Structure formats: structure tokens, C-alpha cells
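Chemist:
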Amino acid sequence: MAKTARNSQIKRDRRTVLAAMNMCYPGSMPLEEIYAVVLDGNPEYSRSFLIRDVMYFADKGYIVISRIDGTRLSNVSVEKCKAVLTALGTDVANQLVDDPTLDV
Numbered sequence: 004m005a006k007t008a009r010n011s012q013i014k015r016d017r018r019t020v021l022a023a024m025n026m027c028y029p030g031s032m033p034l035e036e037i038y039a040v041v042l043d044g045n046p047e048y049s050r051s052f053l054i055r056d057v058m059y060f061a062d063k064g065y066i067v068i069s070r071i072d073g074t075r076l077s078n079v080s081v082e083k084c085k086a087v088l089t090a091l092g093t094d095v096a097n098q099l100v101d102d103p104t105l106d107v
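Under this note's numbering, the first residue of the sequence shown carries the number 4, and numbering increases by one thereafter.
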């Protein structure tokens, strides 16, 4: 895949998500707070991008998403969900395990 500015920005945003979550490991972090952290570095970042990124990480096994009130997760909402980094996610965040989509 050809490298583009957009591809590089996606990688930076995803690294920022993991770095923010790694700071509060083993605790969880509300998605709204993660969104605010990434938005600070990239004003064009949207909530739909955050949902895409956290679902990608969840599919890879790097994070677990749950509702803030503890009820069963039926859909992902930035305002109502939180995420916790898994052990594998911590290894990726600390660059002990390579992930080509993060380019770290």
C-alpha cells in the first residue's frame, strides 16, 4: 500500500490511543477521555475515527471495551463506553510486539 499523509495520520492516532491507555494500565479509560487526548494532537480526529480505531484494537485483542455502567455492550458509544488495555495491548504499546499497522 502506498504511503500517504492520511495513512501516516491514522498510525499516529492509533499510537496515541494506545499510549494514552498504557498510562492508566491496568485501569480502564472512558472512550470520551481517549477521544480528547487524540483530538488534542489531531484537531481533525472525529468520534467515528475513534470508534473505528478501538474496534480495530478490540478485534486484534489489544483492548476490551465495556459500558461504563457495567451492563452488556450492545453497541459502541464514545459517551457510554470505556476500554481497558490487555496484556497483549500493553506489549504493543511498549513496542515489545510489532504491529505493522502502527509502524512502530
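Don't be surprised by glycine CBs; every beta carbon is placed ideally from N, CA and C. Note that the coordinates shown come from a computational prediction; the quantities given were computed from them, not determined experimentally.
Name the DSSP bridge partner or partners of Met32?
Modeler: In the sequence shown, counting from the first residue as 1, residue 32 sits at position 29. DSSP output for Met32 lists Ala86 as bridge partner(s).
Chemist: Can you tell which of Gly30, Arg55, Pro29, Met24 has its C-alpha closest to the C-alpha of Val40?
Modeler: As a working note, residue 40 is residue 37 in the sequence shown. Considering only alpha carbons, the answer is Met24.
Chemist: Can you give the Cα-Cα distance for Ser31 and Ser69, rounded to whole angstroms?
Modeler: Position 28 of the sequence shown, counting from 1, holds the residue named residue 31. Position 66 of the sequence shown, counting from 1, holds the residue named residue 69. Using only the alpha carbons, I get a separation of about 9 Å.
Chemist: For Tyr28, I'd like the list of residues in its chain whose CB is within less than 7 Å of its CB, leaving aside the five on either flank, ordered along the chain.
Modeler: Working through the sequence shown from its first residue, we reach residue 28 at position 25. Correct list, in chain order: Leu88, Thr93.
Chemist: Using a Cβ-Cβ cut-off of 7 Å (strictly less than) and excluding sequence neighbours within five positions of Lys83, which residues of its own chain qualify?
Modeler: Position 80 of the sequence shown, counted from the start, is the residue given in the question as residue 83. Hits under 7 Å: Arg70, Ile71.
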